Structures are given as structure tokens and as C-alpha cells.
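Structure, as C-alpha cells:
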Amino acid sequence: MSDGFEKAPFLLTRADLFITWAQKNSLWPFGSGLACCAIEMIATAAARYDIARFGMELFRASPRQADLFIVAGTVTNKMAPVLRRLWDQMPDPKWAMAMGNCAIGGGPFPTYSVLQGVDKIIPVDVYVAGCPPTPQGLIHGLMTLQEKIARSHPTKEILDPDARRPC
Amino acid sequence: MELREYDLNMGPQHPSTHGVLRLKLAVDNEVVLGVEPVLGYLHRGMEKLWESLTFTQVVPLTDRLDYIASLSNNLGYCLAVEKLAGIEVPKRARYIRVVLAELQRLASHLAWAGFMANDIGAMSVLLYAFQAREEVLDVFEEYCGARLTIHGIRIGGAVRDLDAPLVSRIRAVLEKVPRRLEDVRALLDGNRIWKERTVGVGRISGTDAIDYGLTGPSLRASGVAWDMRKDLPYSSYADFGFDVPLGANGDVYDRYLVRLEEICQSIRVVRQALDGLPEGEFTAKVPRALKIAPGEVFHTIEAPKGVLGFTVRSNGSDRPERVKMKSPSFINLQALDHMCRGNLFSDVIGILGSLDIVLGEIDK
Amino acid sequence: MPEDPADRPELREALEALTGHFAGAVLAGAVDRGELSVRLAKDALTSALRFLKEEAGFNALEDIAAFDNLGSAGEGGRRFTVVYRLYKFPGALRARVAVDVGEGESLASAVPLYRSADWAEREAFDMFGVRFEGHPDLRRIYMPDEFEGYPLRKDFPLAGRNGGA
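Have a look at this one:
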């Protein structure tokens, strides 16, 4: 634990609140739309479900500009190294969401070419179940992630490198 | 300028490749010399998986093939199995299937319109088209609970009957969709930027198209009037009057016009089917463990993406011996190289969009 | 079934012409359920397809489906059966051409006749290991190039070998 925490916890927790408030209300998704779930993800971004009210309408095409990796769809063994590289290219702080049963655990495909869950290659923060999850389900998952972000301590990670999440 | 061939990689993660498609482009400055698609990033082993499931269990998995038009896949597979097993589908069920399939065609073409326009840069069209699509998806949700992977067409008929409230709901949606379509057409049809990016781009002649195996609206835009609903009618399509829109030049603009016109024709068919909905059962009686005597059948339907076919071979048990899917997007994508050569590198996106491919169907 | 296409006379004529031309190679032929169905000896494949395309007018190749006969009754006594589905447009006529090929044997590629055969043959090679002589670029299409095994063969497990790698 670094010295900063013992000395001025009040300021740091206020800073935490501000930083997490900013982070959770402006998550920019890196829509890794792989299969059917991608269509529901796009429908969530469209006019009726309007993900823009959460500040997330800016789906970035480049991982360098995104902070939320939504794995939407089946991850195949051929695609897995590509996803891992994309995850590595995303700068910190970053979060990952496994959207849909395929990303969670292979879904209905226990076959020779499907990775049984994206959490085998990247650390997942939120799992949104469904095949595909409805837009309401995805938004619920995003709100759960926002709550998780609100509970985190970014200043701790900045001040103490060992507190950073591995991988 | 001297020829400088440069290899570019597009995908498999790319906002405009409609899924995990990898394109290897060889370009000379900005002109495309060749396109080589690399597939398999969504290969899920569906055909192998189907061999270990019963005929009935395969139906929900067919939803995940062309996931933008899942009812069409259900229909294609169920018709093939019914042909193999000799199951007679009641007339009311056939009409209900037509209603569902044409509504699905509406939803699929609206999604396509949104995606293609978004790729080229007209993002408002994505929002308008998806808003119209949401209304159709509401109908599906009210019908059987699912929006995207619907599984509403089962072996023997449909999953539920179309009751009077749902019929009036569908009629109300059919009133709303043309208005949204007018919005989209007002934005794009005469738009100078849209026309510069689509007219004369990605041309393919009718003969070349048939040789490449192209089917669906992409083929009809080249002037070839091949529509399985007219050629080899299935599920009582012969009872309905509708036109098959054709294009003249086989370019991206014509493919765009053909699909928008198909939306209007689909609305026409749904109205006729609802008006003429006969009394009867909404499904045939199919045994829970459906065993089919050894045989093989190939059946095709006109799915929104093209001609979708299923070869089903049975071996006397309740599981298929082999199910082979003839995927329209898979075959259509072969023509991408032919269409892109000589065009500018930025036209590849427009051409790919106009082909209307779905990776779930391509990679199985 | 009320909507089965009738067994049209053009199909009979095509079958008779085909049997006339390739008497030794046509092992079985029938017009059944609205389509022309023949089983050929594999050496006659290219000439028969050319005949069907140019003389009988089947100008579109709809699908190439391969089957693994391991463990089943086996139609032609060989490991694999490859079925070509042809379509005549306009006219709405269907033809089914089946050839049997054993493991390690190869078939002539249909790409010179129908460009739509290109990826369909690559898929048959990728999933079953059936080779097509004369194909411009016969390599795997779905599985990675270094993948070992042919997934749709009956002796390949669903979950794959090596834990699905």
C-alpha cells in the first residue's frame, strides 16, 4: 500500500469517485461483433434502445481508442489469437464483456473449432447471458459494469503498480 | 504512375466487413487488382454438430446461420425435411409461413439497407432502417418471444397460430414500414454522393453472375429474373401475385434499388396472405422422435440473401446422416474479386455491402 | 407433396441423351421427384458435366456436396460420394450427378466449366480431404492451413482432437 493512502485517503477517495464517474459514463465500446449477438449490439446502439444515453454510442473501430471490449458472438479457435491481440492493443484502463452464451462458454457449439468461452483468453468483467441477449439484457449488463467501475479504485492502481490487474 | 502493387489486409476485425471476414487486397495505388477473402473465422462446425442431433433439434441451430433472417433458414431446412419424410403441411400453416418469411425478408433488407448506408457514410439511414426493423421484430417477439434467432417455423408448420390481434398488429406494421422506406429513399435515391459511390461500381454481367453461382437480389440486379419463389414455388407461393424487381446494369446502385423494391413486394405478399388466410391447423402432427427412412433430398428456397438450399440425407434413425447447406452468401462472395477489380479501393466497402453477406451463413 | 415439380419431359430427354453418349460411364440414371439423377464413373465426370452444361443447358452449378460413406451402406463401394447439383435457368430444371471416389483418389475439378465450383471444391477438400485435379488453388477454406484432419469425416470426433485445437 503506498504512502499516499495513509496520508490523504479523503482526497483520493474523492478523486476515485470523480474518475470512476467519468469512466463509467463514457465507456467507448470496441465492438468486436463476431456473430448473431453483434446484431443485437447494433440494435442497442440504434434509436430505440439508444446506448448513447449511457455515453457509449461511440463504437470505436480501433482498439487503441476503446475501453470496453464487448465480445459479441462465437469465438472460434481461428479467431482467438486475433481477439487476444486486440485485447492487448487496448490501453488501460479497459474492461471486457462477454456478450451471449457463445462468448461465455461456447454456447450451443461444443465443436472442434469453437473456443468454449472467451474468458479462456481474456479476463472478463461482466457476463451477459442470452442467445442472443436482448438489448435490454445488454443494457443491464452495461449498467452492472458501471456499478463495478463505480466500486473500483483507480487512484490505487495509479499509485501502486502492483495493485493493477494482471494481464 | 508506375505500377506499385501493395498488399493490404482488411479484417477479420473491421467495422464494415459484416462480420469476421478477412480480405486480402492487392492494390495499385488506389485501384484494386485483386481481392482474396479468407474465411473460417466463424466456422462453428454446424454441419458436424447437426449429425449428432435429431432432426427437430437442428431447427434452432439453423437460426444461427443467416442470423439476420433466421426464419428463412428455419423454412429452408424444415421444407427439406418435410420433403424427405413425406410430411404434408396444412394450407393455413403454409400461409402463416409465407407471412413469417416475407416479414423476415422485410427485416433482413431493412438491416441490410442500414448497414450498407452506414458503411458508405450515411449513418442516419442506419437509424431509420433499424427503427423500421424494430417494429417488425416487435411482431416476432409477440408471436413467439424471440427477436433475432426466432425459431418460429418448425417441422410440420409454425410454432403458433396467427390470432386476430396479431394479424391486425402485422397490418399496422405494414402501414408504417413504407413511410420509413420513403424517408430512406428520399435521403439516398437521388443523392449525388450516394450515386457517385454506387452507380457504375462493382458491375457484373448476367452471364458472369450465373457462372459464378450468384443468386438472389445481386443476380437480379444484373437483369436475370431467377427467383425460386416463381421458378419452383414452395409453401403456396404460387397463390400470391408479386413482381420480381430486376436491375439493368448489375452495379451497386441497381442492387440497392432491387432490394428496396423487394421490400414493397414483400409487403404486397404479406397482405395477400393475411387476406386469404384459410381455416385449419397451423401445424401438421409430427412425431416427437421423427425417424426418416433412408433417402436424400435437396430443397431450395429464395432467402433474402439468395437461393438457400439444404441437402438432407437420412439413414433410418432420428438423426440425419448428413445435412449440407448451400449457402447463398458463401457462393455470392466468390464473385467479389470479379466485381472489385478495376474499381477504387474505397469502393470495396460499397461492393461488399451490396452483396449482402452474412458470415454465419458463409462460415457455417 | 402438392408442390413437387413434375417429372418434365426435358429431363427424360436429357437423361436419354446422356446415357446415349456415355453408355459405359452412367452407372445409374433416373428422373425422380422432378430431377434428373445419375451416378457416374468418376473418369467421365468432366465430359458428362460439359455435356450437361453445353448440350442439355444446365448452366448453373448450385452446390457440390460430399458424403462420407464410412459405416453406412455405401452406394458405390467407395469412401466418399460427391454430388453435383446443376440447375437450368431459365427452365427451372434440376440435375443431380453423383460420383464415388475413394480415399486418396481424386476427381477432376469442375472449375473450368463452372466458376462457382471453386470454393465448393475447396470446402469438400477442407472437410473431407477429397482432392480435385486442376483446381486453381486447392487449399483449406475454413480451417487454418496447418490444421490436421478432415472434420466432416465420420471418424473425426465432434469436439476435435487435441482439445479442439
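For the protein sequence lines, the chains are A, B and C, in the order given. With our numbering applied, the first sequence covers 1 to 167. With our numbering applied, the second sequence covers 1001 to 1364. With our numbering applied, the third sequence covers 2001 to 2165. Built from N, CA and C at the ideal position, the CB exists for glycine as well. Keep in mind the model is a prediction, meaning the values are calculated, not measured.
Within the stretch 2021-2037 of chain C, no residue has its Cβ closer than 7 angstroms to any Cβ of chain B. Against chain A, the beta carbon of residue 1048 (chain B) has neighbours under 8 angstroms at 111 and 112, listed in chain order. A direct Cα-Cα distance of roughly 22 angstroms separates residue 43 (chain A) from residue 1188 (chain B). Taking the Cα positions, residue 1313 (chain B) is about 47 angstroms away from residue 90 (chain A). Residues of chain B with a Cβ closer than 7 angstroms to the Cβ of residue 2009 (chain C) do not exist, since the nearest Cβ in that chain sits about 17 angstroms away.
Judged by their CB atoms, residue 1362 (chain B) and residue 1333 (chain B) are nearer to each other than the 9 angstroms cut-off. At least one CB atom of chain A sits nearer than 9 angstroms to the CB of residue 1063 (chain B). Fully enclosed alpha helix (DSSP H) runs of no fewer than 4 residues occupy 1123-1144 of the stretch 1104-1146 of chain B, in order along the chain.
Here residue 2081 (chain C) is bridged, per DSSP, to C:2067 and C:2100. In terms of Cβ geometry, residue 1235 (chain B) and residue 1139 (chain B) do not form a close pair [threshold 9 angstroms]. For residue 2037 (chain C), the enclosing beta strand (DSSP E) begins and ends at 2035-2040. For residue 1090 (chain B), no alpha helix (DSSP H) segment is defined, and its DSSP state is neither H nor E. Neighbours of residue 1311 (chain B) across chain C, judged by C-beta separation under 8 angstroms: 2063, 2065, 2083 and 2085.
Using a CB distance cut-off of 9 angstroms, residue 94 (chain A) does not count as an interface residue toward chain B.
Burial state of residue 120 (chain A) is exposed, judged by a 10 Å Cβ sphere holding fewer than 16 other Cβ atoms. Setting aside the 5 residues that flank it on each side, residue 1071 (chain B) is surrounded in the same chain by 1100, 1101, 1104, 1150, 1152 and 1153, each with a C-beta closer than 7 angstroms to its C-beta; the list follows chain order. Taking 9 angstroms as the threshold, the shortest C-beta distance from residue 2072 (chain C) to chain B falls below it. Distance between residue 2117 (chain C) and residue 1054 (chain B), taken at the CA atoms: about 30 angstroms. With fewer than 16 other CB atoms across the displayed protein chains lying within 10 angstroms of its CB, residue 2157 (chain C) is exposed.
Contact with chain B is found for residue 83 (chain A), since one of that chain's Cβ atoms lies less than 9 angstroms from the residue's Cβ. The Cβ of residue 101 (chain A) sits no closer than 9 angstroms to any Cβ of chain C. Within the same chain, Cβ atoms closer than 7 angstroms to the Cβ of residue 1077 (chain B) are found at 1058, 1059, 1062 and 1310, the five residues on either side in sequence being excluded. Contact of residue 1242 (chain B) with chain C is not assigned, every C-beta pair being separated by 9 angstroms or more. A straight line joining the alpha-carbon of residue 2091 (chain C) with that of residue 1307 (chain B) spans about 16 angstroms. Rounded to the nearest angstrom, the gap between the Cα atoms of residue 1238 (chain B) and residue 59 (chain A) is 45 angstroms. Contact between the stretch 1207-1218 of chain B and the stretch 1161-1181 of chain B is absent, with fewer than three C-beta pairs closer than 8 angstroms.
Any Cβ of chain B closer than 9 angstroms to the Cβ of residue 2136 (chain C) would place that residue at the interface, and such an atom is absent. By the neighbour-count criterion, in which a residue is buried when 16 or more other Cβ atoms sit within 10 angstroms of its Cβ, residue 163 (chain A) is exposed.
Under a 10 Å Cβ-count criterion, residue 25 (chain A) is classified as exposed, with fewer than 16 other Cβ atoms of the shown protein chains found around its own Cβ. When 8 angstroms is used as the limit between beta carbons, residue 51 (chain A) is near no residue of chain B, the shortest such separation being about 12 angstroms.
Rounded to the nearest whole angstrom, the C-alpha separation of residue 1144 (chain B) and residue 1282 (chain B) is 14 angstroms. With respect to the 9 angstroms criterion, residue 1352 (chain B) and residue 1017 (chain B) are classified as neighbours on the basis of their beta carbons.
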